[in-house]
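A.B. asks: At the far end of the sequence shown sits residue 243, using this note's numbering, and the numbering has no gaps.
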Amino acid sequence: MNSNLLQIVFHVIINPKIGWKYLEEYYEERGKRLDLKEEFEKYKHIYFLTFIFALFPALGHFLGMTVFKNLYIPDEMLEYLKNEPNGQQTLIYLERLKEIMYAGDLKKILMLVGMYYVAEFFRPIILGALVFFLGGSFGGEKNPYKAFSIAVIALVPSWIANFFIFYNSLFTAVIIFLATFYTVYLVFIGGEKILKIPSENSKNFQFAIVLGLLYLIISAVFGGILVQTIASKIIFL
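Listed below in structure tokens is the structure:
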């Protein structure tokens with residue numbers, strides 16, 4: 007990957023207003039292209055970030071299932087679910103997962119970790135689609151490549167924060183929440199700088215609010231479906 011591009015991505019995360027401007031200048035230097043294949047080549051280095059940073063949550067799950075077992079599924083959580091009428095299905099799932107962890111069933115553990123890794127690739131797809139459609143609706147440029155690039159870079163803080171998933175606690179929940187909030191903030195700035203969403207009548211702010219709400223809802227639904235289908239089938243094999 008181009009080292010200059012990595013530096014720009016770092017700038018985006020540390021100082022979004024300047025970083026997104028650097029990224030736009032970087033792409034302008036490479037010229038405007040109309041051919042789809044060439045357009046993909048123009049942005050492909052950004053897309054490859056997904057392969058790297060999607061490892062962070064997967065590694066967090068792996069460490070939780072193999073090293074930090076008591077932190078990954080605390081006894082307090084199970085006790086709470088036992089007294090929660092609506093949490094019985096979750097309790098059965100977690101108790102079975104705990105059995106697998108303490109039995110050292112590496113095959114199932116790796117299958118679950120692999121599932122979590124692959125699932126992370128849907129994050130930029132979901133967020134990128136929202137950026138593309140909502141960005142255009144709020145007066146921004148309708149460019150799927152730019153929208154997906156914004157999504158990938160904006161998700162980097164969330165991916166890094168999800169590494170701490172092995173420590174199931176309020177602290178981790180707060181870290182992940184703040185990282186998610188920062189992801190939405192990065193999209194907010196990126197929408198204005200890269201997609202040129204106008205700031206008149208607070209259109210860029212409205213864009214960020216609507217996008218953030220939709221992203222949280224869709225992600226929650228997707229996560230629930232993932233656990234109820236693929237993860238459950240792996241655990242109860």
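Positions of the beta carbon are idealized from the N, C-alpha and C atoms, including for glycine.
By alpha-carbon positions, which one of T72, V124 and I156 ends up nearest to K104?
C.D. replies: Considering only alpha carbons, the answer is T72.
A.B. asks: Compare the Cα-Cα distances from V193 to each of F154, I223 and T178 and report the closest residue.
C.D. replies: Nearest of F154, I223 and T178 to V193, Cα basis: F154.
A.B. asks: Are there three or more Cβ pairs, one per stretch, closer than 8 angstroms when the segment 49-61 is compared with the segment 112-129?
C.D. replies: Taking 8 angstroms as the limit for Cβ pairs, the verdict is that the segment 112-129 does touch the segment 49-61.
A.B. asks: What's the C-alpha gap between L40 and I79?
C.D. replies: Unreliable positioning characterises L40 in this predicted model, as indicated by a pLDDT of 49, which lies under 50. The coordinate reading is nonetheless provided below. Their Cα atoms are separated by approximately 51 angstroms.
A.B. asks: From G110 to K75, what does the alpha carbon distance come to, in whole angstroms?
C.D. replies: Going from the Cα of G110 to the Cα of K75 covers about 11 angstroms.
A.B. asks: Just checking, does the segment 222-237 make contact with the segment 164-182 on the three C-beta pairs under 8 angstroms criterion?
C.D. replies: Touching, no.
A.B. asks: Do you know whose CA, among I181, F128, I24 and F213, lies nearest V137's CA?
C.D. replies: Answer by Cα proximity: F213.
A.B. asks: Could you tell me which of I159, F144 and E31 sits nearest to V216, measuring between CA atoms?
C.D. replies: Residue F144 is the option with its Cα nearest to V216.
A.B. asks: Give the straight-line distance between the Cα atoms of L55 and K23, rounded to the nearest whole angstrom.
C.D. replies: C-alpha separation (whole angstroms): 20 angstroms.
A.B. asks: To the nearest angstrom, report how far apart N89 and G230 are at their CA atoms.
C.D. replies: Going by the C-alpha atoms only, they are around 21 angstroms apart.
A.B. asks: Measuring only the C-alpha atoms, how far is A64 from N174?
C.D. replies: Those two C-alpha atoms are separated by around 15 angstroms.
A.B. asks: So what's A60 in DSSP terms, helix, strand or just coil?
C.D. replies: Here A60 sits in coil by DSSP.
A.B. asks: Can you give me the C-alpha to C-alpha distance between F16 and H67, rounded to a whole angstrom?
C.D. replies: Roughly 25 angstroms separates the two Cα atoms.
A.B. asks: Just confirm the distance between the C-beta atoms of F130 and L161, as a whole number of angstroms; I'd bet it's less than 8 angstroms.
C.D. replies: Just to set this straight, residue 130 is Pro in the shown sequence, not Phe. Between L161 and P130 the Cβ distance is about 6 angstroms, and since that is below 8 angstroms, they are a contact.
A.B. asks: In angstroms with no decimal places, state the Cα-to-Cα distance between Y99 and S238.
C.D. replies: One C-alpha to the other measures close to 7 angstroms.
A.B. asks: Taking only runs that begin and end inside the segment 45-114, name each unbroken beta strand (DSSP E) of 3 or more residues, in chain order.
C.D. replies: Those beta strand (DSSP E) runs which fall completely within the segment 45-114 and span 3+ residues do not exist here.
A.B. asks: Give the C-beta separation of I241 and I106 to the nearest angstrom, bearing in mind that I take them to be a contact with Cβ-Cβ under 8 angstroms.
C.D. replies: That pair is a contact at about 6 angstroms.
A.B. asks: Classify L243 as helix, strand or coil using the three-state DSSP reduction.
C.D. replies: Coil, per DSSP.
A.B. asks: Indicate the three-state DSSP secondary structure (helix, strand or coil) for S175 in the structure shown.
C.D. replies: In the structure shown, S175 sits in coil (DSSP, three-state: anything other than H, G, I, E or B).
A.B. asks: Around the C-beta of S164, are 16 or more other C-beta atoms found within 10 angstroms, so that it is buried, or is it exposed?
C.D. replies: By the neighbour-count rule (16 or more Cβ atoms within 10 Å), S164 is buried.
A.B. asks: Please check the pair G141 and G197, which I expect to be a contact at CB under 8 angstroms, by giving their CB distance rounded to whole angstroms.
C.D. replies: Their Cβ separation, rounded to whole angstroms, is 6 angstroms, which keeps G141 and G197 in contact under 8 angstroms.
A.B. asks: Note down, in chain order, each residue of its chain lying with its Cβ closer than 6 angstroms to the Cβ of L118, except the 5 sequence neighbours on either side.
C.D. replies: I240, listed in sequence order.
A.B. asks: Thinking K152 and I115 are a contact (beta carbons under 8 angstroms), I'd like their distance in whole angstroms, please.
C.D. replies: 38 angstroms between Cβ atoms; not a contact.
A.B. asks: Ordered along the chain, which non-local residues of its own chain (more than five positions away) have a Cβ less than 6 angstroms from that of L202?
C.D. replies: The residue asked about is misnamed: residue 202 is Lys in this sequence, not Leu. So the qualifying residues of the chain are G146 and E147.
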